[in-house]
Amino acid sequence: MSSPTWDEFAELALKRITASGAEYGDIRIQDSSTEHIEGEDHRIASIRDAKDIGFGVRVLYHGAWGFAASSVLSLEEVPRVADLAVEIAKGSASIALEKVRLAEEPIHRDRVVTPYRINPFTVPLEKKSDLLLSTMEAMHRQTGIVRSSASLWARRDTKVFVSTEGSRIEWDLLTGQGECTATALHEGRFASRSFSTPHLRKGYELIEEADLLREGSRVATQAIEKVKAPVVDAGAYDLVLDPEHLSLTIHESCGHPSELDRALGYEANYAGTSFLTPEKLGNFRYGSQHVNLVADNTEQETLAATGYDDDGVVCQQWDIIRHGIFVGYCTNREVAPKIRESRSRGSNRADGWGSIPIVRIANIGLEPGAATVDQLIADVKRGIYIEGHGSYSIDQRRYNFQFGGDAFWLIENGRRVHMLRDVIYHGITPEFWNSCDGVADQSARRRYGFITCGKGQPGQSGWMTHAASPARFRKIQVIRGEGSS
Amino acid sequence: MTVVNDKGPKMTSREEFRFLSDLVLTRSSADHTIVRLRDHHAGTTRFANNQVIQNVDARRGSLAVTVAFGGQQGTASTTDFTAGAIQETLARAERIATVSPIDPEYLPPPDPCVFPIRDTAKPETMAAGPSRRLEYASEAIGQCRMENLTGAGLVSSSTTAVGIAADNGLFGYERRAGASFSLTVQAGDATGWSAAAHRSIDHLKIQERTLAAISQAKRSRDVCELPAGRYPVILEPAAVAGLWAWLIRSLDAKSYLKGTSAFAEKLGRAIVDARITLQNSPDHMDLFGEGFSGDGLPSTPSRWIDHGILKQLVYDRFTAKSQGVATIPTLEAPILSVEGSAAHSIQDLIKSAPRAILVTNFWYIRPVNPRELMLTGMTRDGTFLIENGEIVSAVKNFRFHESPLRVFQHIDHWTVPMEAVNSETGKVLAPAMALPHFQFSSPTRF
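If you read the protein sequences in the order shown, they are chains A and B.
Residues 1 to 485 in the numbering used here are what the first sequence lists, from first letter to last.
Residues 1 to 446 in the numbering used here are what the second sequence lists, from first letter to last.
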């Protein structure tokens, strides 16, 4: 006897949910394959190939949620888990004060597939290992490099979502990424410099286009320059931030505060709340006129552009900040009605079959301006150009932040003069974004993906992409990342 | 209240793991083969705004197979425990290994040994299901509602079957249970927080923790802003644990040997106050001790910092062998203690402080400079000004920039080790500490 199909499992679960009297239910069945090759100091430290299959059932009963999941996909387990989800939802309903009401969404029946040129899972492992070994070798060739790492990562997710409302969506998604890091040692001091391709929904062409070998040599050279560079003097500087660096700034200081579940208190016990509370919607000056932050879950190749979210809602594009004013949240079907929005923005995502979907940051990006990067720098008397990610931390309402970076260059009289080290800047989110007085044009726009955005309890990893062109910020407080205590 | 069936899924037993691992080991053509099991069943009832917002139960079983031909190795894993899937997983691991470059650091599986048997599987926790979690959540929510305050928190319980087996006879299997509770109480802009974690769900002390969080939230209502600067502080155990977690994470032996560690050349030397000792106590009933590590090594009591002197590093097996380290210590059940006359309570520390900032917890601690182990982070959920032995006001939260290697050079006063749990560090036993200087670099808006 052949094993049941995913649709037959789904039908089995949804019948149990419907029979229970629940007003809504859905099932997600997912099969994920992940390949991760990690190199460290001239060697391939590990090659791991993980297969993860399972299903999760979500039930809304009398306005309260229940969710159950299992890695055992069988005719016995599916009804057990569906019944458990119903029972849990009934328990939640027994102490509910306010009933969950889902925003309306049309029924969708669709299939979403990542376009790709080269399937990373069919590229020979020897070729991928050789690339990483060569990259590390290139980094170690430079005198002063004492440690290196390089890695390749690829994932394929096949998934189906079926709801009691009649939606059925199927996905076949591919994601990849590669990176390398060199660490230099000089006079007892050490410093690292990294290169990372963005995480994108592309095939292995992403790695081939990146030229890891060349980038490895470049970051090794810069790691040596960085470790020998003078430490920054504390004070107020104009900052020009590159797109990779800005992706993290946007993520932490705009992305998380714009999650409506946080603003409504759902994450108060862990990830925190938000200073962007609902009464500020449409009237709060978040940034300067130059600041336009747009959520776009429709842009090809980006992580949150999956066609539909895990509520079965179509991916959309909308404004979060327009001309500096806060105008939009990331929402799901549950929270959208709480601010009188009739439709979800489609930002409800789970990190796998075993997790319940929660509101997630969309692909929020900084809209390009009109200047060139050179023009941004030319108008700086004393400033710092910052590339890449470094230390980061922000309070639980997303006001007080601190960011480092991966590489820093002193700007004097409109020119980048030399590298600096141990640069940390800090500030208060709306003050910082109000100090933005220029954004570079479309030609300098780059995209960077995140796959480890932590939120929820149990913790989940969210995926999204943040795009930006370099931008300039005036008079930002910089401190030394060494010896300042 | 609806009674929810607490009967969970049947977890992989010792005999079943033996059967599954034999299925792999007898079919493997590799020189060495290791099978690892992690069968995890967990439930969480999460609440916010005084009502349940998530109520979940999930079971994930995973089997990982690592094989090696000489120094060529590969690992494949699956969540599908059918015989066909397991054999296919072995085949994938073998395929990876045969094309992998030789790893000069590869070592065969550790020799078989008798692992310590620990009381890791509390039946009351393994039996706890959605109804028990809902009962506890309701208790906390009810208290908050009675006080006209808003509660957000969680109750969770889990059981994990963990196993390791290798073709040289190495075999270990253990069931590990755990339960946790945490609560943030909001009183307008003010918050109070408390948390607990234990192998036994009976030890979560829901009422006591809830009342503590409520009391703290009420105390946080009248808030003043203080300028950034260096202050004497009293750090509650969770705050102490937050700083120590990063110190412990930085003890990697390989970085130490390469000179890319804050501890370079400090092994065997004093790194903190000479009265401080950090040890692993896997038999302590309030901690999460385990019988064996993920590498298949026994977990035993060990001293990591002894009277301020750094005694241990975190070794991988290759680095340990190359350095002649015979026993690799684990640190899953840490106790941080201070020798000498301890204060009886945090209240006693407060009474003895002329002026200090009391910090309940830190949030979002991240390294700024790994050379000096300088960290940054925010105070959270209860930050107070103490004057003349009394709390006089709540203060707006601060960002800090500090190194644990600097601030723990001298401790003024301390308590005995107490339970410390926070979302970023797990559970440790750590004292509350009064420290003479702590650098707060900027205040936030609340």
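Note that beta-carbon positions come from the ideal geometry of N, C-alpha and C, so glycine has one too.
Top-ranked residue by Cα proximity to residue i, from the options
| i | options | result |
| --- | --- | --- |
| B/E208 | B/E139, B/S345 and B/L226 | B/E139 |
| B/S352 | B/V421, B/F440 and B/P436 | B/P436 |
| B/T319 | B/W244, B/V359, B/T191 and B/L257 | B/L257 |
| A/D319 | A/E341, A/A336, A/L303 and A/N292 | A/N292 |
| A/G365 | A/T302, A/D110, A/S70 and A/K15 | A/T302 |
| A/P79 | B/L63, B/S13, B/G84 and B/P9 | B/P9 |
| B/V114 | B/A239, B/S100 and B/A165 | B/A165 |
| A/T331 | A/G352, A/T372, A/G255 and A/Q375 | A/G255 |
| B/D222 | B/A394, B/Q143, B/Q347 and B/H40 | B/A394 |
Where residue i falls: helix, strand or coil (DSSP)
| i | result |
| --- | --- |
| B/S345 | coil |
| B/F19 | helix |
| B/G8 | coil |
| B/Q207 | helix |
| B/D202 | helix |
| B/P232 | strand |
| A/A89 | helix |
| A/D296 | strand |
| B/M378 | strand |
| B/T89 | helix |
| A/A263 | helix |
| A/H42 | coil |
| A/K159 | strand |
| A/I250 | helix |
| A/G164 | The sequence shown places Thr at residue 164 of chain A, not Gly. Coil at A/T164, not helix or strand. |
| B/G242 | helix |
| B/A274 | coil |
| B/T44 | strand |
Contact under 8 angstroms by Cβ, residue i with residue j
| i | j | result |
| --- | --- | --- |
| B/N55 | A/W65 | yes |
| A/S355 | A/Q457 | no |
| B/N397 | B/T383 | yes |
| B/A97 | B/G74 | yes |
| A/I29 | A/A10 | yes |
| A/P115 | A/G449 | no |
| B/G291 | B/E390 | no |
| A/W296 | A/R349 | Here residue 296 of chain A turns out to be Asp, not Trp, going by the sequence shown. No, they are not a contact pair. |
| A/T550 | A/Y24 | Any question about residue 550 of chain A goes unanswered here, given that chain A covers just 1 to 485. |
| A/V112 | A/T277 | no |
| A/E252 | A/F121 | no |
| A/A138 | A/S217 | yes |
| A/A82 | A/R16 | yes |
Enclosing beta strand (DSSP E) for residue i [first to last residue]
| i | result |
| --- | --- |
| A/N434 | That residue, A/N434, is in no beta strand (DSSP E); its alpha helix (DSSP H) goes T429 to N434. |
| B/P367 | R355 to N369 |
| B/Y173 | F171 to A187 |
| A/A271 | Per DSSP, A/A271 belongs to no beta strand (DSSP E) and is neither H nor E. |
| B/P443 | M433 to P443 |
| B/T160 | T150 to A166 |
Endpoints, the alpha helix (DSSP H) within which residue i is located
| i | result |
| --- | --- |
| A/E205 | E205 to A210 |
| A/C330 | Where A/C330 is concerned, there is no enclosing alpha helix (DSSP H), given that its DSSP letter is neither H nor E. |
| B/Y136 | P130 to M146 |
| A/L133 | L125 to H140 |
| A/L14 | W6 to S20 |
| B/M126 | P123 to A127 |
| A/S342 | No alpha helix (DSSP H) holds A/S342; DSSP gives it neither H nor E. |
| A/K280 | No alpha helix (DSSP H) holds A/K280; DSSP gives it neither H nor E. |
| A/Q486 | Not covered by the structure: residue 486 of chain A. The range shown for chain A is 1 to 485. |
Neighbouring residues, chain C, relative to residue i (Cβ below 8 angstroms)
| i | result |
| --- | --- |
| B/Y364 | Annotation note: the requested chain C is absent from the structure, which comprises protein chains A and B. |
Distance cut-off 7 angstroms: residue i Cβ against heavy atoms of the ligand NAD
| i | result |
| --- | --- |
| B/M418 | With respect to the ligand NAD, the structure offers nothing, as it holds no ligand at all. |
Which residues, taken in chain order from the region 85-101 of chain B, show a beta carbon closer than 9 angstroms to some beta carbon of chain A?
-> A85, E88, T89, R92, A93, R95, I96, A97, V99, S100 and P101
Contact set between the region 404-430 of chain A and chain B, restricted to residues whose Cβ is under 8 angstroms from the partner | G404, D422, I424, H426 and I428
Using a Cβ-Cβ cut-off of less than 9 angstroms, list which residues of the region 370-404 of chain A approach chain B; keep chain order.
-> G390, S391, Y392, S393, I394, D395, Q396, R397, Y399, N400, F401, Q402 and G404
Of all the residues that make up the region 255-266 of chain A, which are near chain B by a beta-carbon distance shorter than 7 angstroms?
-> G265 and Y266
In the region 255-276 of chain B, which residues sit with their C-beta less than 7 angstroms from some C-beta in chain A, listed in chain order?
-> K258, G259 and T260
Using a beta-carbon distance cut-off of less than 8 angstroms, what residues from the region 336-357 of chain A approach chain B?
-> G354, S355 and I356
Note down, in chain order, all residues in the region 62-73 of chain A with a beta-carbon under 9 angstroms from any beta-carbon belonging to chain B.
-> A64, W65, G66, F67, A68, A69, S70, S71, V72 and L73
The region 168-201 of chain A: positions lying closer than 9 angstroms to chain B by Cβ | T183, L185, G188, R189, F190, A191 and S192
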